[in-house]
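Enquirer:
Residue numbers (my numbering): 5 to 198.
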């Protein structure tokens, strides 16, 4: 999506946060354009570095849950293709929402969103399978509180995992808020908005 289209989409839908799952890439033109369009629209850019082909680490999951709990909604979540990583994080966001179900979370893994349950896609969906198995072992039902408890101490990444890296060169999270003053004019009214 072009930076102009992104800015218009954020304003049109009242998006307050853009959650970029490709991580901060300040040397890349696409990243700078996205970040600039996001903050110009008065939204916050949150960058989380995730891979679509390995399990996230326990620290990554806890960081992601904390970020989803603290960010301002509505949120636009995206990765490169919008299927594997975006599917998993959208499922996690559903599981953190009061009144949500495991079915709501699993619905984020859909062909409608270009999700195919093989290869990388299967790894992303297996995290939800693991949570469901944990609920059964605990003789518990899903609730946002139980999901947070699992994310805090029950999650066990399989192999391959980011925990296997000898060092992690990527920051867990980078947050770029919009300037405190109004930064963008609403195209319909011409008035500054935040």
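Glycine included, every Cβ here is placed at the ideal spot set by N, Cα and C.
Judging by CA-CA distance, which residue of 94, 96 and 83 is the nearest neighbour of residue 29?
Expert: 83
Enquirer: For residue 162, does the count of other Cβ atoms within 10 angstroms reach 16, so buried, or fall short, so exposed?
Expert: exposed
Enquirer: Using 8 Å for Cβ pairs, my map puts residue 152 next to residue 60. What's the rounded Cβ distance?
Expert: Their Cβ separation, rounded to whole angstroms, is 16 Å, which puts residue 152 and residue 60 out of contact at 8 Å.
Enquirer: Mark residue 154 as exposed unless 16 or more other C-beta atoms lie within 10 angstroms of its C-beta, in which case mark it buried.
Expert: buried
Enquirer: Decide yes or no for the touch test of the stretch 86–102 against the stretch 12–22: beta carbon pairs closer than 8 Å, at least 3 of them.
Expert: no
Enquirer: Taking residue 147 as the reference, give the member of 25, 104 and 156 with the closest Cα.
Expert: 104
Enquirer: In whole angstroms, what is the alpha-carbon distance linking residue 196 and residue 157?
Expert: Since pLDDT at residue 196 reaches only 41, below the 50 mark, its modelled position is unreliable, and the value read off the structure follows with that caveat. If you draw a straight line from the Cα of residue 196 to the Cα of residue 157, it comes to about 45 Å.
Enquirer: With DSSP as the reference, label residue 17 as helix, strand or coil.
Expert: helix
Enquirer: Based on the DSSP output, what are the partners of residue 177 in its beta bridges?
Expert: In the DSSP assignment, residue 177 is bridged to 52.
Enquirer: Whose C-beta lies closer than 6 Å to the C-beta of residue 24 among residues of the same chain, with five residues either side of it excluded?
Expert: Excluding its 5 nearest sequence neighbours in each direction, residue 24 has C-beta neighbours in its own chain below 6 Å: 51, listed in chain order.
Enquirer: Can you give me the start and stop residues for the alpha helix (DSSP H) that residue 106 sits inside?
Expert: Here the alpha helix (DSSP H) through residue 106 covers 106–110.
Enquirer: Could you compute how far the alpha carbon of residue 46 sits from the alpha carbon of residue 15?
Expert: 8 Å
Enquirer: Quick check: does the Cβ of residue 152 come within less than 8 Å of any heavy atom belonging to the ligand NAD?
Expert: Within the structure as shown, the ligand NAD is missing, as the structure has no ligands at all.
Enquirer: Can you round the beta-carbon distance between residue 127 and residue 57 to whole angstroms, since I take them to be within the 8 Å contact cut?
Expert: 7 Å
Enquirer: Is DSSP giving residue 24 helix, strand or coil here?
Expert: strand
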